[in-house]
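Next comes the structure, spelled out in structure tokens:
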């Protein structure tokens, strides 16, 4: 059965014209007849069914002007321009409400042409008559096609609303269930969600830049950056701040503002108004914004101590600001990487507690130059500079073990060298590496013996001999199956006298480096598992960084002097440090 084939025809209109686009390629001998209220078309070309003869006719909604109507043939289409008899918008192009299936609205080409010349002014019906355009879309497609920007902004605002609504719900449920105890876990419960949402809020800075919104990018940035600094610079990196009650209140205030703001934006995109939502949008910020600023200010103030904190600045908790001389810092830099302690060059006015030639003095310096010149005359000395008053540093160090070890990291090449030496010793004694314990032993003798005798009236027989070390070594031998002892000392006379007794206890190596190097010796003992020391800062330092069980010789000092030596001070304060006589 023969059926007439019709091409797809796309139409658009202006107040004066009807434009028809016939979707027919390579049209041959087209026949276009335009009457007062009807158009007929026939031609041979490539359409939806391939190469065939196509034809159609349309009865117009109103009268047209055949004489001024024109058409133009293109390789891929035929454009027909029909002039209306009277200016005005037609509700449809056909005379009857029912339109043929091959007749469609040309949304992309819906433009009016005042004339067919090159200088014709082209206007967009979507801007001139948006309601008519929306109605035509709905009639043609059964739905209205939304702009991508509008769809994106609706999805963005709805997602942000859900995120902050979720945070409000979690905070509320936790508070109802646990009360004020819920404050401790606020960040753990919603902190990651809050960080993610605030990262997404940076898109609000980009929206006006790309023309998605009419707001100011600078204004949006200023509104967001304050929260970003508080959240990512002060709260997120500091666990001690995360458990503060102010974080709960700050998160609650932030979320309460946003669960009103984002729905309001959605209603604006739909060009509708909800009176309650509008009232909340322009009212709720009055109490909430000051509360938010207050919470953020409290976080900033509470975080000052955390932000500035280093090992050295922890002294400030005790009323101090420590500094050291450049020479001392240079010596420390030989051992440790990236120290943050400042040198004496930062001091303007300070109290200097200094030991010069065996005597401690207090000097109030108003000029750093005068201070440095004074010490050049006095000779070599060691100093701790405090901006308020002095205290025993073992009291401070004993309660800051983890932070000090975090700050003072040995240079990698020193650690690698020490680990290599330990592996060599394990091979030398044929010991299994898996269950092997290294015990570092340090003997401080020489001039320090005389210092103890003079300072604390210690008798010579009260100082440690080989029996103290043998007793401590036997403790480790009983506790651990495989043990290697590493003895470091510069008192060669003492070593020669007591070496036989020490080495009789098993796997012992004395001064394993062929050439004495205090830096390598210190790092080697610091990499051992446990320590045996008598007194002196060298042994204390190695035992401190080793971190295991440490035995300190008990000098049997009176109560007035129990904290006078760092070693005994640690033994009184650290659980893994023990004194032994």
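In full-length UniProt numbering, the protein residues as written are 1 to 581.
Built from N, CA and C at the ideal position, the CB exists for glycine as well.
**Request:** Put residue 274 into one of helix, strand or coil per three-state DSSP.
**Result:** coil
**Message:** For residue 76, count the other beta carbons within 10 Å of its own beta carbon; 16 or more makes it buried, fewer makes it exposed. Which is it?
**Reply:** exposed
**Limits of the unbroken beta strand (DSSP E) element including residue 33** = 25-34
**Message:** Which complete beta strand (DSSP E) runs does the segment 57-117 hold, if anything under 3 residues is left out?
**Reply:** 64-73, 78-84, 103-105, 111-113
**Prompt:** In terms of residues, what are the limits of the beta strand (DSSP E) holding residue 250?
**Reply:** Looking at the DSSP string, residue 250 is not in any beta strand (DSSP E); the run it does join, the alpha helix (DSSP H), is 245-269.
**Message:** Looking only at its chain, what residues have a beta carbon closer than 7 Å to the beta carbon of residue 244, apart from the 5 residues adjacent to it on each side?
**Reply:** 302
**Request:** Please report how far the alpha carbon of residue 13 lies from the alpha carbon of residue 84, in whole angstroms.
**Result:** 10 Å
**Message:** To the nearest angstrom, how far is the alpha carbon of residue 15 from that of residue 82?
**Reply:** 12 Å
**Prompt:** Exposed or buried, which one is residue 596 when buried takes at least 16 other CB atoms within 10 Å?
**Reply:** In the structure displayed, the chain extends from 1 to 581; residue 596 sits before or after that span and is not available.
**Item:** Rounded straight-line distance, which links the Cα of residue 485 to that of residue 506
**Value:** 8 Å
**Prompt:** Between residue 251 and residue 575, what straight-line distance do the alpha-carbon atoms span, to the nearest angstrom?
**Reply:** 40 Å
**Request:** Pair every Cβ in the segment 246-265 with every Cβ in the segment 157-171, then say whether three or more of these pairs are closer than 8 Å.
**Result:** yes
**Request:** Throw me the rounded Cβ distance for the residue 579 and residue 554 pair, which I believe falls under 8 Å.
**Result:** 4 Å
**Message:** Per the DSSP calculation, residue 440 is bridged to which residue(s)?
**Reply:** 486, 531
**Prompt:** Between which two residues does the alpha helix (DSSP H) harbouring residue 172 extend?
**Reply:** 148-178
**Request:** Using alpha carbons as the reference points, say which of 6, 168, 293 lies closest to residue 49.
**Result:** 6
**Message:** Could you pull the DSSP bridge partners for residue 45 from this structure?
**Reply:** 52
**Request:** Assign residue 222 to one of three DSSP states: helix, strand, or coil.
**Result:** helix
**Item:** Outcome for residue 173 when other beta-carbon atoms lying within 10 angstroms are tallied against a minimum of 16
**Value:** exposed
**Prompt:** Per DSSP, what kind of secondary structure is residue 411 in: helix, strand or coil?
**Reply:** coil
**Message:** Comparing C-alpha positions only, which one of 470, 477, 475 sits nearest to residue 500?
**Reply:** 470
**Asked** According to DSSP, is residue 405 helix, strand or coil?
**Response** helix
**Asked** In whole angstroms, what is the alpha-carbon distance linking residue 211 and residue 261?
**Response** 20 Å
**Message:** Taking 8 Å as the threshold (C-beta atoms), are residue 36 and residue 66 in contact?
**Reply:** yes
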